[in-house]
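Numbering (this note's numbering), first residue to last: 46 to 173.
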């Protein structure tokens, strides 16, 4: 039997879930954008604190100070910025798989999962 009120209520619930999912997906991309801005600002700060100090020394000294400042800049970049980027990529990918991907396709309206068992298949064949 067709009930219009049940269909309307179901459609309103689906619409609300869709809008909330869209807002969530947009917030994820805004989070990535904010992290890239933070990465860029940290790069500028690290470069200014290390390399520019070495480059601003007078001529004969700036060769050596730039060389050692580059080592410090490279160490800080690898330790902090690359570590932060790797963790950012890992956590965001994990979130995309578990939260956003599952919300698009998983409905939980199917049948109960029964794990495959060779013994059950063999017993069915011998019983027949």
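Think of the CB as a built atom: it goes at the ideal place given N, C-alpha and C, for glycine as much as any other residue.
Contact test: residue i Cβ vs the ligand GTP heavy atom, cutoff 7 Å
i           : result
residue 125 : With respect to the ligand GTP, the structure offers nothing, as it holds no ligand at all.
Residue burial classification, residue i (beta-carbon count within 10 angstroms, cutoff 16)
i           : result
residue 99  : buried
residue 50  : exposed
residue 60  : exposed
residue 153 : exposed
residue 114 : buried
Minimum C-alpha distance to residue i - residue among the options
i           : options           : result
residue 138 : 73, 54, 52, 56    : 73
residue 133 : 78, 52, 155       : 78
residue 111 : 122, 125, 96, 123 : 96
residue 64  : 124, 145, 135     : 145
residue 136 : 48, 76, 55, 165   : 76
Min CB distance residue i to chain C below 8 Å
i          : result
residue 96 : Absence of chain C from the displayed structure is noted, only one protein chain being present.
Contact between the region 86-97 and the region 107-120 (3+ Cβ pairs under 8 Å): Touching, yes, given that three or more Cβ pairs across the two stretches are closer than 8 Å.
Contact between the region 129-140 and the region 64-84 (3+ Cβ pairs under 8 Å): The region 129-140 makes contact with the region 64-84: 3 or more CB pairs, one atom from each, lie closer than 8 Å.
Start-end ranges of the alpha helix (DSSP H) lying completely within the region 126-155, minimum 4 residues: Counting whole runs of 4 or more residues, the region 126-155 contains the alpha helix (DSSP H) stretches 128-140, 147-150.
Meets three-Cβ-pair contact criterion under 8 Å: the region 51-70 and the region 95-111: At 8 Å Cβ cutoff, the stretches do not touch.
Secondary structure, alpha helix (DSSP H): runs of 4+ residues fully inside the region 48-128: Complete alpha helix (DSSP H) runs here, min 4: 49-100, 104-121.
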